[in-house]
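What follows is a single structure, written as structure tokens, with notes after it.
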Amino acid sequence: MTDPARIWVLPAPIADRIAAGEVVDRPASVVKELVENSLDAGATAISVEIRNGGLSLIRVSDDGSGMGADDAALAVQRFSTSKIHSLADLDAITTLGFRGEALASMAAVARLEILTRSRDVLEGVRVLAADGQVESQPAASPAGCSVAVTDLFYNTPARRKFLKSPLRESQLVRDAVARYALARPGVAFRLLVNGKESFVAPPASPLERIAVALGREAAQEMIDVKWEAADLRVEGFISAPTIGRQNRQGQFFFVNGRPVRSGLLAVMLERPYAGRLPLERRPLGVLHIRVDPHLVDVNVHPRKDEIRLSQERSVYGAVSRAVEEALAPFPQTVQDTTGIAWPFAENGGALAGLREMPEGYAAGGLEPLGQLENAYIVARSHDGLVVVDQHAAHEQVIFEGLLAGGENQTLTPTVQVALTLREADLLEPFLPALGELGLEVEPFGGNTFLVRGLPAAVRRIDPRYLLDALLGELPGCRTLSPEEVREKLAAKTACTAAMKAGDILSEAEMRGLLTAFQAAWSPATCPHGRPAFVLLTTDELERRFMRR
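Have a look at this one:
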């Protein structure tokens, strides 16, 4: 047994597998590295094929420059690259790949086959690499390169246990392909999943490529972004404040053509939307940032997903200014209701934020007095003072109505909703569950769906907005029972459709909500467990005023 106090050098097979884990952690990372190599090779068409979520097969083929026999055999060795020749090259990297680790890492945890031919020779070469062995032989091949990775993680079974289902891994691969398709709209992309075409993007304009990746409906709401100062340029497209999503999955950032993840860039994109987009919504964006390569360090993350900027304030500020200028035609509103007159109060002198109701109306035991901060209904009951959270109360009323199977309303005309491929695949299995709640949604060909009907309780909400909210909930429904799915989707529908804090309610609206709320089966909380009302009893008031 090895003495734990002694230092020793790991054998090459162990070291290679550890190093591979930094670059290759799932099928999508394999696709990412191979697609980057294809783009660096000048490919104009890239085909990706996966089976069993990428565990059985990943094949990436391109029409790029290809490799000769000697280069192909050398490419599977660690730190072999054609993109870096000196330390100075590391200071201004313009290619997507550069470290020469990808193919060697794949060969350490899978079986690798490279079939390639450069354009200036007639004969191609096939290279096989697995278990530290490399074989090379002549072979017929079109110009370009095709790399097949099979039996991923066959020799590291522990790593396979941490992968998601094949369906989820396939979705991550699709997301990776879509990301590079947005980065290079002039390059054709094709993805096959288990022999079925899942993503097709012919060469197109940037806006046409957005329509393929994010949906035609989203592309129609995009506005152009162009901003430039000195050697810094920001360009691309952002969504108009007319649409938004509940998450940041529709936001893509590229620095010198490299896809990057950055929470700060997302914040800079979202900040100018304040007062233009509801707080719970996120804008869409495909932004390309061009900056001097000497100011970008791309070697700070094992998978090159993150970068470091030497003048990050300038870059972040540029993004914010570019978005602000693009949004200039859209008015910015500030929700300040302090100066709004109370529409049905004759007398003044109300407490700050408390708007009084007329005397003489009792709604099922609750007499509404007014609205506090446009978020709470203040009412008088036989037991004391009741403060009702208008959103939570309305949410519970809608939730119970959906589960009880209330009245439905047919939409005339029907509403067409165009989704992305990923969203369409996610939505289709849950259409029956939505139908049970009164949301009549059906496929209409391709990635388009028709909304034919809605529950009467949510008839005023935009069907596109509601469907977008439900899509964000569906990934967490895959492992739930049918009844749990029904309740989860009902709760999300209710939350989306319910009146919000900040909504100014008329007298009739407050009366109607209080009446419906008191008739609810479980009015104490909303579907998510938050209190829907607070009671301040007469006894408590008398104690506080020291009357007893």
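The numbering of the sequence shown is the numbering used here, which starts it at 821 and goes up by one.
C-beta: ideal position from N, C-alpha, C; glycine also.
Asked	Found
State the Cα-Cα distance for the pair GLY1077 and VAL1116, rounded to the nearest angstrom.	12 Å
Near ALA1138, what residues of its chain come up, given a Cβ to Cβ distance below 6 Å and the 5 sequence neighbours on each side ignored?	LEU1052, VAL1054
Taking all protein chains shown into account, decide if LEU1084 is buried (16 or more other Cβ within 10 angstroms of its Cβ) or exposed.	exposed
If I measure Cβ to Cβ from GLY884 and keep anything under 7 Å in the same chain, skipping five residues before and after, which residues do I get?	SER858, ALA861, GLY862, ALA863, GLY964, CYS965
Let me know the secondary structure DSSP gives GLN1152 once reduced to three states.	coil
Excluding five sequence neighbours on each side, which residues of the same chain lie with their C-beta closer than 6 Å to the C-beta of LEU923?	ALA895, VAL896
I need the DSSP call for ASN857, collapsed to helix, strand or coil.	helix
State the beta-bridge partners of TYR1196 as determined by DSSP.	LEU1192, ASP1209
How is HIS1114 classed by DSSP in three states: helix, strand or coil?	helix
Can you tell me the Cα-Cα spacing of VAL941 and GLY888, whole angstroms?	8 Å
So is ASP1067 buried or exposed if we call it buried at 16+ other beta carbons inside 10 Å?	Residue identity differs from the one stated: residue 1067 is Asn in this sequence, not Asp. Looking at its Cβ environment, which holds fewer than 16 other Cβ atoms inside 10 Å, ASN1067 is exposed.
Would you call the region 1238-1247 in contact with the region 1256-1268, where contact means no fewer than 3 C-beta pairs closer than 8 Å?	yes
Alpha carbon to alpha carbon, what distance is there between CYS1346 and GLY1190?	21 Å
Rounded to whole angstroms, what's the CA-CA distance from ASP1209 to GLU1037? Just pull it up for me.	35 Å
Could you tell me the alpha carbon to alpha carbon distance between ARG1200 and ARG1029, rounded to whole angstroms?	58 Å
Let me check one thing: in DSSP terms, what residues is SER867 bridge-paired to?	SER881, ARG1010
Note the first and the last residue of the continuous alpha helix (DSSP H) segment covering GLN1066.	That residue, GLN1066, is in no alpha helix (DSSP H); it is neither H nor E in DSSP.
For PRO1151, tell me which candidate among ARG1133, ARG1081, LEU1097, ASN872 has the shortest Cα-Cα distance.	LEU1097
Roughly how far, in whole angstroms, is the beta-carbon of GLY1056 from the beta-carbon of HIS1108, given that I think they are within contact range, below 8 Å?	5 Å
Please return the same chain residues whose Cβ sits closer than 7 Å to the Cβ of HIS1211, not counting the five positions on each side in sequence.	ALA1318, MET1319, LYS1320, ALA1321
Could you check what DSSP says for GLY1159 in three-state terms: helix, strand or coil?	With a pLDDT of only 37 at GLY1159, under the threshold of 50, the placement of this residue in the model should not be trusted; the figure read from the coordinates follows. Coil, per DSSP.
Near PRO1351, which residues of its chain fall below 8 Å by C-beta distance, leaving aside the five closest residues on each side in sequence?	ASP1209, ALA1212, ALA1344, THR1345
Hey, out of VAL1080, ASP890, ALA1049, LEU1089, whose CA is closest to SER1059's CA?	LEU1089
Just the Cα atoms here: how many angstroms apart are SER867 and VAL997?	10 Å
Using a Cβ-Cβ cut-off of 8 Å (strictly less than) and excluding sequence neighbours within five positions of GLN1216, which residues of its own chain qualify?	ALA1314, PHE1337, ALA1340, SER1342, PRO1343, THR1345, CYS1346, PRO1347, ALA1352
Is it right to say ASP890 is buried, meaning 16 or more other beta carbons lie within 10 angstroms of its own, or is it exposed?	exposed
Does the beta-carbon distance from VAL850 to GLY874 come in below 8 Å?	yes
What is the DSSP secondary structure of GLY1255, counted as helix, strand or coil?	helix
State the beta-bridge partners of ILE934 as determined by DSSP.	VAL947, VAL967
Going by Cα to Cα distance, which pick from VAL1143, ARG846, PRO1079, LEU1287 is closest to SER876?	ARG846
Nearest-angstrom Cα distance between SER1140 and ASP995?	26 Å
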